[in-house]
Amino acid sequence: MSSLVQSVDWLAIAPPTLTAVVGLVVLVADLFIGEEKKAVLGWVSVAGLAASALMLLPLLDGDRATFCLTGDAHACSYTADRFTLVIQFLVLGGALLAALLSVTALKDANKELPEGEFWFLLLSSAAGAALLPASRDLATLIVALEVASLPAFALVGIKRGDKKSSEAALKFFLSSVTATAVSLMGVSFVYATTGTLYLTQIADKIQHVDGQFHTLAQAGVVLTLVGFAFKTAAVPFHFWVPDTYVGAPLPIAAYLSVVGKAVGFSGLILVTVVALPSYADVWGPALAALAALTMTVGNVGALRQQATRAYSAVRLLAWSSVGQAGYLLVPIASAGYSKDADKAVGSTVAYALMYAAVNLGAFAVAALVARTSPLNRISDYRGLYASRPLSALLLGFFLLCLAGLPPGIIGLFAKVTVFSAAVDAGLGWLAVIMAVNVVIALFYYLQWTTLLFRAPEGEPEKHRVPAPLTAAIALTAVLGIALSGAPQLVLRFSATGLF
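Residue numbers (our numbering): 9 to 507.
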C-alpha cells in the first residue's frame with residue numbers, strides 16, 4: 009500500500025509562505041506597538057517582500073514540485089518551474105514597489121488609514137498572488153485567486169468615511185464574487201467530466217470524455233474562461249476598473265494594475281494552455297475576440313478622458329490598463345492556433361514584465377503629483393518639467409514606453425513580440441486591430457507627455473520628495489532604462505518552460 013504522507017519542499021514554497029508569515033507577524037505586532045511607532049510595520053513589510061523575492065534565487069537551478077500524488081509524480085499541486093518564478097518575481101516586485109508607495113501614502117494620510125490592517129491585507133494578497141502561478145490543480149488555483157482577491161476588496165475600501173472608496177470596493181467585490189461563482193461552476197463541470205482537478209491529468213482525460221458529457225465539458229471550459237476574463241478586466245467584464253482605481257488609495261490602484269493583472273493572466277494561461285490544450289478551438293477564437301474588444305474599448309475610453317476632470321490622470325491610467333490587457337490577451341489567443349504555444353505564452357509574460365515596470369513608474373510619479381494636487385487631474389501635470397524636471401522626464405519616458413515609442417525601446421520591443429505572436433499564429437486580422445489601437449493610444453500618451461513640458465500656469469511649487477517615493481520612482485526608472493538598453497533580456501528571462 010502506497011503511503012499517503014507527502015513530503016513538503018519548503019524551499020519551493022518559501023516565497024509565498026514567507027510573505028504570509030510576515031503578514032501574520034505584522035498583524036500581531038500591530039496589537040503591541042504604539043501609534044507613534046506604527047511606521048515600523050511598513051518597513052517590516054517592505055523587508056519581508058524583498059526577502060520573499062530573494063528566496064526565488066535558490067530556485068533558479070531547476071524545476072521543483074511538491075504536494076504530488078504518491079502514484080503519479082507528474083500530478084502535483086505546487087510546481088516551481090520557470091513560468092512560476094517569472095510571475096512570482098513580477099508579483100513580489102510589484103508588491104514591493106506598491107509597499108514603498110504605501111509607506112508615504114500612509115504617512116500623508118495622517119492616521120486616516122489603519123496601518124496594521126493595511127499591511128496585513130497587502131501582504132496576504134501578495135501571498136495569494138505569488139501562490140497562484142505555482143498552482144497546478146484547480147482547487148489550489150481558485151483558493152490562491154481568492155486569497156489574492158479578498159484582501160484587495162478591503163484595501164480598496166480602507167479609507168475611513170470615504171464614500172468614493174466604499175463605492176469602489178462594492179463594485180470590485182460584486183464583480184469579483186460573480187467571477188468566482190462562474191469559475192467555480194465551470195471547475196465543477198470540468199471535474200464532473202474528468203474526475204480530477206490536476207491540470208496535467210485534465211489535459212489528458214478531457215480528450216476522452218464520453219459523448220453524453222461532451223456538452224457539459226464544453227460548458228465547463230467556457231464558464232471557467234469567463235470567470236478568469238473578469239479577473240483580467242477583459243471587456244465586457246471591465247466595468248469595475250475605472251471607479252475602483254479612483255476610489256482606492258493610489259498605491260493600491262498601482263498594485264491592482266500590475267499584480268491583479270498578473271494573477272488573472274497567469275491563471276488564464278494555466279487553465280487554457282496547460283489544462284485545456286485540446287479545446288484550443290473553443291478558447292482560441294474566444295480569447296482573440298476578447299483581445300480585440302478589450303484593447304479597442306480600453307483605448308477609446310482613455311481617449312475620451314477630459315484633462316480638467318477630477319482624477320482624470322488615474323482614470324486615464326485605468327482605461328489604459330484595460331487597453332494593455334487586450335494586448336496581453338493576444339499571445340494567449342495565439343497559443344490556441346500556434347504549434348509553439350510556449351513561445352506565444354512567453355510573449356505575454358515578456359509584455360507583462362515591461363508593462364509592470366513602466367506602469368508602476370507612472371503611478372509612482374502620479375503619487376508624487378497627488379501630494380500637491382489631490383484631485384490628480386491631467387491638467388495638474390502641466391509644466392511639471394519646470395518644478396520637477398527629473399520626474400517629468402521619467403513620466404514622459406514611462407508614457408512613451410506604454411505607447412511603444414523611442415526612447416522607450418522596451419515598450420516597442422514588447423509590442424513587436426506580441427505582433428509577431430499574432431502573425432505567426434495566422435491571426436493577421438488581430439494584428440491589424442492591434443496596430444490601429446496602438447495609433448489611438450499614441451494620441452493620448454503623447455498629449456499627456458507634451459503637457460509636461462509646457463509653460464506652467466502658475467508659480468511652480470517645490471516640495472521635498474519622501475525617500476520611499478524617491479526609491480520607488482528610481483527603481484522603476486532604472487529597470488525601464490536598463491531593459492530599453494537590452495530588451496532581448498526580457499524575452500530570454502520570460503521563456504516560460506511550461507512544456
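Every residue gets a Cβ at the ideal spot worked out from N, C-alpha and C, and that includes glycine.
#1: Indicate whether valine 305 and valine 243 have their beta-carbon atoms separated by less than 7 Å.
#2: Helix, strand or coil: how does DSSP classify serine 85 here?
#3: Identify, in the order they occur along the chain, each residue of the same chain with its Cβ nearer than 8 Å to the Cβ of phenylalanine 507, setting aside the five sequence neighbours on each side.
#4: Which term fits alanine 463, buried or exposed, when burial requires 16 or more other beta carbons within 10 angstroms of its beta carbon?
#5: Residue range of the beta strand (DSSP E) that alanine 37 falls in?
#6: Apply the 10 Å Cβ neighbour rule to asparagine 118 and answer buried if 16 or more other Cβ atoms are within range, or exposed otherwise.
#7: Alpha carbon to alpha carbon, what distance is there between alanine 422 and threonine 25?
#8: Extract the residue ranges of the alpha helix (DSSP H) inside the segment 197-230, only unbroken runs of 4 or more that lie entirely within it.
#9: In three-state DSSP terms, what is arginine 500?
#10: Go ahead and label valine 254 buried or exposed: buried means 16 or more other beta carbons lie within 10 angstroms of its beta carbon, across all protein chains shown.
#11: Take leucine 460 as the anchor and find which of Gly412, Ala433, Leu224 and Val377 has the nearest alpha-carbon.
#12: Do you know how far the Cα of histidine 222 is from the Cα of glycine 369?
#13: Have a look at the DSSP bridge pairing and note the partners of arginine 462.
#14: Go through its chain and collect everything with a Cβ distance to isoleucine 210's Cβ below 8 Å, but skip five positions before and after it.
#15: For alanine 485 and methionine 193, what's the separation of their Cα atoms in angstroms?
#16: Measure the C-alpha to C-alpha separation of methionine 9 and alanine 494 and round it to an integer number of angstroms.
#17: Which residue wins for smallest C-alpha separation from glycine 344, given the options Trp291, Thr425, Gly235 and Arg500?
#18: Residue range of the beta strand (DSSP E) that leucine 77 falls in?
#19: Using DSSP with H/G/I as helix, E/B as strand and the rest coil, what is threonine 170?
#20: Going by CA-CA distance only, name the one from Ser110, Gly31 and Val440 that's closest to valine 426.
#21: So, helix, strand or coil for aspartate 116, using DSSP?
#22: Near leucine 49, which residues of its chain fall below 8 Å by C-beta distance, leaving aside the five closest residues on each side in sequence?
#23: Which first and last residues belong to the alpha helix (DSSP H) in which tyrosine 335 is found?
#24: Considering only residues of the same chain and omitting the five flanking positions on each side of serine 328, which have a CB-CB separation below 6 Å?
#25: Can you tell me whether DSSP reads aspartate 145 as helix, strand or coil?
#26: Near phenylalanine 405, which residues of its chain fall below 7 Å by C-beta distance, leaving aside the five closest residues on each side in sequence?
#27: By the three-class DSSP mapping on this structure, what secondary structure does glycine 309 have?
#28: How should alanine 430 be labelled, buried or exposed, when 16 other C-beta atoms within 10 angstroms of its C-beta is the threshold for buried?
#29: Would you call leucine 65 buried or exposed, if buried means 16 or more other Cβ atoms sit within 10 Å of its Cβ?
#30: Let's see if you can read the secondary structure: which residues bound the alpha helix (DSSP H) around methionine 63?
#31: Can you name, in chain order, every residue of its own chain whose Cβ lies under 6 Å from the Cβ of alanine 375, other than the five neighbours on each side?
#32: Can you give me the Cβ contacts of methionine 63 inside the same chain, cut-off strictly under 7 Å, excluding the 5 residues immediately before and after it?
#33: Work out the CA separation of glutamate 154 and leucine 207 for me, nearest whole Å.
#34: Within 10 Å of its beta-carbon, does lysine 239 have 16 or more other beta-carbons around it, so buried, or fewer, so exposed?
#35: Rounded to whole angstroms, what's the CA-CA distance from leucine 325 to glycine 331? Just pull it up for me.
#36: Which of helix, strand or coil does DSSP assign to lysine 269?
In terms of the structure at hand:
#1: For the purposes of this step, residue 305 is taken as the residue at position 297 of the sequence shown. For the purposes of this step, residue 243 is taken as the residue at position 235 of the sequence shown. In contact: valine 305 and valine 243 (Cβ atoms closer than 7 Å).
#2: Against the sequence shown, residue 85 aligns to sequence position 77. Looking at serine 85 - three-state DSSP - the assignment turns out to be strand.
#3: As a position in the sequence shown, residue 507 is number 499, starting the count at 1. Any reading at phenylalanine 507 must be qualified, since the residue scores a pLDDT of 47, below 50, and its modelled position is unreliable; the value itself is stated next. Here the set comprises Ala349 and Asp350.
#4: For the purposes of this step, residue 463 is taken as residue 455 along the sequence shown, with counting starting at 1. It counts as exposed.
#5: Locating residue 37 in the sequence shown gives position 29, where the first residue counts as 1. Careful: alanine 37 lies outside any beta strand (DSSP E), inside the alpha helix (DSSP H) at 22-40.
#6: Position 110 of the sequence shown, counting from 1, holds the residue named residue 118. Result: exposed.
#7: On the sequence shown, residue 25 is found 17 positions in, with the first residue counted as 1. On the sequence shown, residue 422 is found 414 positions in, with the first residue counted as 1. Looking at the two C-alpha atoms, the distance is approximately 32 Å.
#8: 207-213
#9: Reading the sequence shown from its first residue, position 492 is the one you call residue 500. Looking at arginine 500 - three-state DSSP - the assignment turns out to be helix.
#10: If you number the sequence shown from 1, residue 254 lands on position 246. Buried is the call here.
#11: As a position in the sequence shown, residue 460 is number 452, starting the count at 1. Selected option, being the one with the closest Cα: Val377.
#12: Mapped onto the sequence shown, residue 369 falls at position 361. Mapped onto the sequence shown, residue 222 falls at position 214. Their Cα atoms are separated by approximately 47 Å.
#13: Here residue 462 refers to the residue found at position 454 when the sequence shown is read from its first residue. The partner list for arginine 462 (beta bridge, DSSP) is empty, contrary to what the question assumes.
#14: Translated into the one-based positions of the sequence shown, residue 210 becomes position 202. Answer for isoleucine 210: Leu146, Val198, Thr202, Thr204, Ala283 and Leu284, listed in chain order.
#15: Against the sequence shown, residue 485 aligns to sequence position 477. Against the sequence shown, residue 193 aligns to sequence position 185. The alpha-carbon atoms of alanine 485 and methionine 193 are separated by roughly 43 Å.
#16: Residue mapping note: residue 9 aligns to position 1 of the sequence shown, counting from 1. Residue mapping note: residue 494 aligns to position 486 of the sequence shown, counting from 1. Low confidence applies to methionine 9: its pLDDT is 40, below 50, so where it sits in the model is not reliable, and the reading given next is rough at best. Computed Cα separation, rounded: 55 Å.
#17: Stepping through the sequence shown from its first residue, residue 344 is reached at position 336. Residue Trp291 is the option with its Cα nearest to glycine 344.
#18: Reading the sequence shown from its first residue, position 69 is the one you call residue 77. Taken as a continuous stretch (DSSP letters only), the beta strand (DSSP E) holding leucine 77 covers 72-77.
#19: In the sequence shown, residue 170 corresponds to position 162, counting from 1. A small fix is needed here, since residue 170 is aspartate in this sequence, not threonine. Aspartate 170 falls in the coil class under three-state DSSP.
#20: For the purposes of this step, residue 426 is identified with residue 418 of the sequence shown, where counting begins at 1. Taking only the C-alpha atoms, the option nearest valine 426 is Val440.
#21: Reading the sequence shown from its first residue, position 108 is the one you call residue 116. Note: aspartate 116 maps to helix in three-state DSSP.
#22: Translated into positions along the sequence shown, residue 49 becomes position 41. Excluding positions up to five away in sequence, the list reads Val34, Ala37, Asp38, Ile41, Glu123, Gly124 and Trp127.
#23: Position 327 of the sequence shown, counted from the start, is the residue given in the question as residue 335. Counting along the chain, the alpha helix (DSSP H) containing tyrosine 335 begins and ends at 320-343.
#24: For the purposes of this step, residue 328 is taken as residue 320 along the sequence shown, with counting starting at 1. Around serine 328: Ala310.
#25: Reading the sequence shown from its first residue, position 137 is the one you call residue 145. Looking at aspartate 145 - three-state DSSP - the assignment turns out to be strand.
#26: Against the sequence shown, residue 405 aligns to sequence position 397. Contacts found: Pro415, Gly416 and Gly488.
#27: Here residue 309 refers to the residue found at position 301 when the sequence shown is read from its first residue. Helix.
#28: Locating residue 430 in the sequence shown gives position 422, counting from the first residue. Label assigned to alanine 430: buried.
#29: As a first step, residue 65 must be located in the sequence shown, where it is residue number 57. That one is exposed.
#30: The residue given as residue 63 occupies position 55 in the sequence shown. Per DSSP, methionine 63 belongs to no alpha helix (DSSP H) and is neither H nor E.
#31: As a first step, residue 375 must be located in the sequence shown, where it is residue number 367. Hits under 6 Å: Leu109 and Leu258.
#32: As a first step, residue 63 must be located in the sequence shown, where it is residue number 55. Once the five neighbours on either side are set aside, the close Cβ partners of methionine 63 are Ala22, Pro23 and Leu26.
#33: To locate residue 207, count along the sequence shown from 1; it is residue 199. To locate residue 154, count along the sequence shown from 1; it is residue 146. Straight-line Cα distance between these residues: approximately 19 Å.
#34: If you number the sequence shown from 1, residue 239 lands on position 231. Classification of lysine 239: buried, given that the 10 Å Cβ count is 16 or more.
#35: Within the sequence shown, the letter at position 317 stands for residue 325. Within the sequence shown, the letter at position 323 stands for residue 331. Answer to the nearest angstrom: the Cα atoms are 10 Å apart.
#36: Start at 1 with the first residue of the sequence shown, and residue 269 comes out as number 261. In the structure shown, lysine 269 sits in a helix (DSSP, three-state: H, G or I).
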